[in-house]
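One structure is given here, and the rest of the page talks about it.
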Amino acid sequence: MIGALVAGITGSGGASLSSFESISSASGTGSSGTITLSSIPSTFKHLQLRIAVFASAGSCVIRVNGDSGSNYARHVLRGNGSAASAFGVASTTEAASLFPGGISSTYADVAIIDILNYGSTSAYKTFRIFSGQDFNTSSGYLEMTSGLWMSTSAINSISVINASQNWTTDTRVSLYGIKEA
Amino acid sequence: MPAGATYEPIATASPSGTSDITFSSIPSTYTDLRLVCFMQAVSGTLQPALTINGDTGTNYSNTRLVGDGASATSARQTSQTEMTLSNSATATTVPAIFTADFFSYAGSTNKTVLGVASADKNGSGHVERKVFLWRNTAAITSIKINVYGVNVASGSTITLYGIKAA
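Chains as they are written, first to last, in my numbering: chain A, 1 to 181; chain B, 182 to 347.
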């Protein structure tokens, strides 16, 4: 996806510069643990969500369209700084549960989340997630996640949720749309 | 939205020879940065490494996940003087691709970076993912790609992109 974009930028064919567009973004308020980007237009082919989150503690999960039912699944490849591991979760309540080292108010927890064919009304939705956190001397985690939302509805909102703490004002969630030719 | 307003090339270099590359005067007008390196060595062991804002102190750490075709491993490094994009050497006969995504690079928090290194040498190879931390709250204004005197092949390219949120 980005390869096609770069090809367009460098003039060797493919997408044009305007095929990667900012849709919306939001910052943490310090008074809520949920950031929702809603009213996502259906005019793109794929979405990319880029997040850098901060909070005093807690966790970070991704849901879409406000669905908190057991309609998601995921597989994860994880590195914790000493070993690699892999696992899967079926019939769960979020597309991703990120940052196993917890959330920091000092060091950003970051992720790039690609959602393919988000506007389809006939297929389930697949997420490709690259996430990481490094807390200097204390810990670090790196994860590759494939997420699944078992719904044929078009995605029109995405929520980044910390169930126990508020996102601080340094938190940034940005949504981009990627067009096809 | 006008074309090019969201994902724009800031600077491009075509390294050839043994010189390091520095992108300086990086504007603060974007939300994130993305560095894309396509590199091959003429000879020697190429392991490009980044230093930010000229900082060569022990202010970098990283956690990595590596697959080498036989096994997957993970490791950490603290108190580093740079961000080594790959701990596996690039071959002289095939190029490698390195990317680094800098989040909230112009903000006033410590900087976290996601890196990817990919190289296949037809029989060996590696794919490497890294998360880097630069313990500094200054805005990033320059990025140096250190090659440590390794002779970089002609045709290698390094491009820095800016990604701007709404």
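Heads up, the beta-carbon is just placed ideally off N, CA and C, and yes, glycines get one too.
query, result
"6 Å Cβ shell around N243 of chain B - same chain, five flanking residues per side excluded", "Q258, K311 and F313"
"Amino acids of chain A, ordered along the chain, whose beta-carbon sits closer than 9 Å to that of F313 of chain B", "G132 and D134"
"Contact list for D67 of chain A against chain B, beta-carbon separation under 8 Å", "Going along chain B, no residue has its Cβ under 8 Å from D67 of chain A, so there is no contact; the nearest lies around 25 Å."
"K292 of chain B vs N317 of chain B beta-carbon contact at 9 Å", "yes"
"Whether S122 of chain A touches T152 of chain A by CB criterion (9 Å)", "yes"
"Residues of the stretch 272-286 of chain B whose Cβ lies closer than 9 Å to any Cβ of chain A, in chain order", "T280, D282, F284 and S285"
"L77 of chain A at chain B interface by Cβ criterion, 9 Å", "yes"
"Under 7 Å by beta carbon: chain B residues contacting I23 of chain A", "A347"
"Close-in-space but distant-in-sequence residues of the same chain around L148 of chain A (CB under 8 Å, 5 per side omitted)", "Y72, A73, R74, A95, Y124, K125, T126 and F127"
"Bridge-paired residues (DSSP) for D213 of chain B", "B:I344"
"Short-range partners of chain A found in the stretch 241-252 of chain B, where Cβ spacing is below 7 Å", "S242, N243, T244, R245 and L246"
"T145 of chain A: contacting residues in chain B (beta-carbon distance under 7 Å)", "Chain B residues near T145 of chain A: none, gap ~12 Å exceeds 7 Å."
"Short-range partners of chain A found in the stretch 202-234 of chain B, where Cβ spacing is below 7 Å", "T212, D213 and V217"
"Test: N166 of chain A CB closer than 9 Å to a CB of chain B", "no"
"Cross-chain neighbours of N80 of chain A in chain B, by beta carbon under 7 Å", "S255"
"For S122 of chain A, the three-state DSSP class (helix, strand or coil)", "coil"
"Opposing strand residues paired with Q133 of chain A [DSSP bridges]", "A:Y141"
"Burial state of S203 of chain A, where buried means 16 or more other Cβ atoms lie within 10 Å", "Any question about residue 203 of chain A goes unanswered here, given that chain A covers just 1 to 181."
"Among A:A55, A:S68 and A:I112, nearest to Q165 of chain A - alpha-carbon criterion", "A:A55"
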